[in-house]
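In terms of my numbering, the sequence shown is residues 1 to 386.
Below: the structure, in C-alpha cells.
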Amino acid sequence: MKSINILKNILLFTILFFFGIYSTEGKENKLFQNVKQKDSSLINGSRFIYDDPEKAIEIGLDVFNSKNASNKQKAKSLILVATAYSSKRDYQHALFYLTKANKIAKNIDDPVIKINIITKLGELYHQLKVYDKAIRFLDKAEKMSVPYQNADGIQYTLADNYIIKGFIYKNQLNCEIAISYFNKGINKYIIVNGQEKIGNISIAEYNKGNCYILLLNYSEAIKSFRKSIEVAKEANANSLEAFALKGLAEVYTLQGKYKESIKLLTKALNISRKVGDLVLDQAIYKGLSDNYLGLNKWALYKKYNKLYLNIQFQVKMSERESISSSISDLYIDAQKKIDLEKSKLNFFLLITSLFSLIVLLFLFLTIKKNKKQTKFYKKTIEKLQK
Numbered sequence: 001m002k003s004i005n006i007l008k009n010i011l012l013f014t015i016l017f018f019f020g021i022y023s024t025e026g027k028e029n030k031l032f033q034n035v036k037q038k039d040s041s042l043i044n045g046s047r048f049i050y051d052d053p054e055k056a057i058e059i060g061l062d063v064f065n066s067k068n069a070s071n072k073q074k075a076k077s078l079i080l081v082a083t084a085y086s087s088k089r090d091y092q093h094a095l096f097y098l099t100k101a102n103k104i105a106k107n108i109d110d111p112v113i114k115i116n117i118i119t120k121l122g123e124l125y126h127q128l129k130v131y132d133k134a135i136r137f138l139d140k141a142e143k144m145s146v147p148y149q150n151a152d153g154i155q156y157t158l159a160d161n162y163i164i165k166g167f168i169y170k171n172q173l174n175c176e177i178a179i180s181y182f183n184k185g186i187n188k189y190i191i192v193n194g195q196e197k198i199g200n201i202s203i204a205e206y207n208k209g210n211c212y213i214l215l216l217n218y219s220e221a222i223k224s225f226r227k228s229i230e231v232a233k234e235a236n237a238n239s240l241e242a243f244a245l246k247g248l249a250e251v252y253t254l255q256g257k258y259k260e261s262i263k264l265l266t267k268a269l270n271i272s273r274k275v276g277d278l279v280l281d282q283a284i285y286k287g288l289s290d291n292y293l294g295l296n297k298w299a300l301y302k303k304y305n306k307l308y309l310n311i312q313f314q315v316k317m318s319e320r321e322s323i324s325s326s327i328s329d330l331y332i333d334a335q336k337k338i339d340l341e342k343s344k345l346n347f348f349l350l351i352t353s354l355f356s357l358i359v360l361l362f363l364f365l366t367i368k369k370n371k372k373q374t375k376f377y378k379k380t381i382e383k384l385q386k
C-alpha cells in the first residue's frame with residue numbers, strides 16, 4: 001500500500017512538472033508572439049505615413065497603449081506617431097510625441113532608438129525653420145552614431161541625417177552643398193534593407209531636382225524628377241509621386257511648356273486628393289495658376305490663384321501655432337533652468353549667511369572672552385601693586 005502511494009505521488013509530481021514546463025513554454029511563446037505582433041504592426045504602420053497618416057497614427061497609438069508593450073516598443077510607436085503628424089504638417093503634435101518618446105528613450109539601453117529620436121528632432125526643427133537648432137540635433141546624432149556604425153539601423157538613420165542636412169542647405173540656397181548631402185543620403189539608403197527607404201530616395205531625388213532648378217540646370221532637374229516619380233511608383237507613395245510630378249511640371253513652366261505642365265499638375269492634383277497634404281495642394285494650385293496666366297486664361301488663373309491663397313493662409317496658421325508651441329516649450333525649459341539657478345544661488349547665500357553668522361558669533365565670543373581676561377589680569381595687577 002505504501003509503495004502504491006509512493007508511485008502515485010511520483011506520477012502526480014511528474015504530471016505537474018511537465019505541465020509546468022508546457023505552461024511556462026506556452027506563456028513564453030505567447031509573450032514572444034505578442035512582441036512579434038507589435039513589431040510587425042509598427043513596420044506595417046510605417047507604410048501609411050505619407051499616404052494615410054491617420055492610419056499610421058492609429059496603429060502607433062494602439063501599440064503604445066497596448067498591454068505589455070515594452071519601453072522600446074513604446075518609443076518606436078511614438079516615433080511613428082510623430083512622423084505621421086509631421087507628414088500632415090501638424091508640427092505641434094509631432095513635437096509633443098517626439099518629446100515624449102525622448103523621455104522614454106532615456107530608460108532604454110538602445111543607442112539606435114536614441115540616435116533616431118535626436119535625428120527626428122533635427123528634422124522637425126528643420127520643418128519649423130529653426131535651422132540652427134536643427135543642425136545642432138543632427139550633428140549630435142551623427143557624433144552619437146560613430147561608435148555604432150555596424151549596428152542595425154544606424155546606416156538608415158545616417159541616411160536620414162544627410163538628407164535633412166541637404167534640405168537645410170537647400171533652404172539656405174547652398175545648392176551645391178545640398179546636392180552633395182542628398183547624394184550621400186541616397187548612397188546610404190541603397191546599401192540598407194527595407195521598403196521604407198524607397199520613399200526616402202524619392203524625396204531626396206525630388207529635392208535634388210529643386211536644387212538643379214535653382215542652379216538653372218534644367219536637364220539634370222528633369223532627370224531627378226523622373227527618377228523621383230519612378231521610385232515613388234515603386235513604393236506606391238501617392239503623395240511623393242504627386243510632388244515629383246509637380247516638380248517636373250515646374251521645369252516645363254520655366255521652359256514655357258505651359259500645356260505639358262498643366263497636364264502633369266492635373267494628374268498630381270487628382271493623386272493629391274487621396275492624400276490631404278495642404279503644402280502639396282498649395283504648390284499644385286500655384287503651378288496651375290501660373291500656367292493659366294502664361295496662357296492668358298484669366299478665369300482659370302483667378303480660380304486657382306484663389307485656391308492657392310486660401311491654402312497658403314491655412315498652412316501659415318498651422319506653422320505659426322507649431323512655432324508658438326515650440327517657443328513656449330523653450331520658454332518653459334529656460335524658466336526651469338532659471339529657477340534651478342535661483343535655487344542654487346539661494347542655497348549658496350543661505351550657507352554663506354550661516355557661515356558669516358557663525359564667524360561673527362565666534363569673533364564676538366572671542367572678543368568678550370578677551371575683554372573678560374583683560375579685566376581679570378588688570379585687577380590682579382592692581383592687587384599686586386598694593
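For each residue, glycine too, the CB sits at the ideal point set by N, CA and C.
Cβ distance (whole Å) where residue i is taken to contact residue j below 8 Å
i, j, result
"Val112", "Ile154", "6 Å"
"Ala101", "Ile117", "5 Å"
"Leu214", "Cys175", "5 Å"
"Gly166", "Asn207", "6 Å"
"Lys202", "Val231", "Looking at the sequence shown, residue 202 is not Lys but Ser. About 4 Å separates the two Cβ atoms, so the contact holds."
"Tyr252", "Leu264", "7 Å"
"Glu142", "Asn171", "Contact doesn't hold; Cβ gap of about 19 Å is too wide."
"Ile177", "Ala235", "Ile177 to Ala235, Cβ: 27 Å. No contact."
"Tyr212", "Ala221", "4 Å"
"Tyr148", "Ala134", "22 Å between Cβ atoms; not a contact."
"Tyr285", "Leu307", "4 Å"
"Leu158", "Ser145", "6 Å"
"Phe225", "Gly256", "Actually they are not in contact, since the Cβ atoms of Phe225 and Gly256 sit about 17 Å apart, beyond 8 Å."
"Ala388", "Ala94", "Outside the shown range of the chain, which is 1 to 386, sits residue 388, and nothing can be said about it."
"Tyr41", "Val63", "Sequence check: residue 41 is Ser here, not Tyr. Right, their Cβ atoms sit about 5 Å apart."
"Asp51", "Val275", "6 Å"
"Leu80", "Ser46", "6 Å"
"Ser289", "Asn310", "Not confirmed; about 12 Å, so no contact."
Boundaries (first-last residue) of the alpha helix (DSSP H) holding residue i
i, result
"Arg89", "Neither: Arg89 is in no alpha helix (DSSP H) and is coded neither H nor E."
"Ser145", "Tyr131 to Ser145"
"Lys55", "Pro53 to Asn65"
"Leu124", "Pro111 to Gln127"
Residue i at chain C interface by Cβ criterion, 8 Å
i, result
"Met317", "In the displayed structure, chain C is absent; only one protein chain is listed."
Ranges of the alpha helix (DSSP H) found wholly within the stretch 214 to 293, counting only runs of at least 4: List check, alpha helix (DSSP H) in window: 218 to 234, 238 to 254 and 258 to 272.
Taking 8 Å as the cut-off, does the stretch 290 to 301 touch the stretch 108 to 128 (at least 3 CB pairs, one atom from each stretch)? With the cut-off at 8 Å, the stretch 108 to 128 and the stretch 290 to 301 do not touch.
Which residue spans inside the stretch 167 to 197 form an unbroken alpha helix (DSSP H) run of at least 4? Taking 4 residues as the minimum length, the alpha helix (DSSP H) runs contained wholly in the stretch 167 to 197 are 175 to 191, in order along the chain.
Validate contact between the stretch 224 to 240 and the stretch 270 to 289 using beta carbons, cut 8 Å, 3 pairs: Yes, the stretch 224 to 240 is in contact with the stretch 270 to 289.
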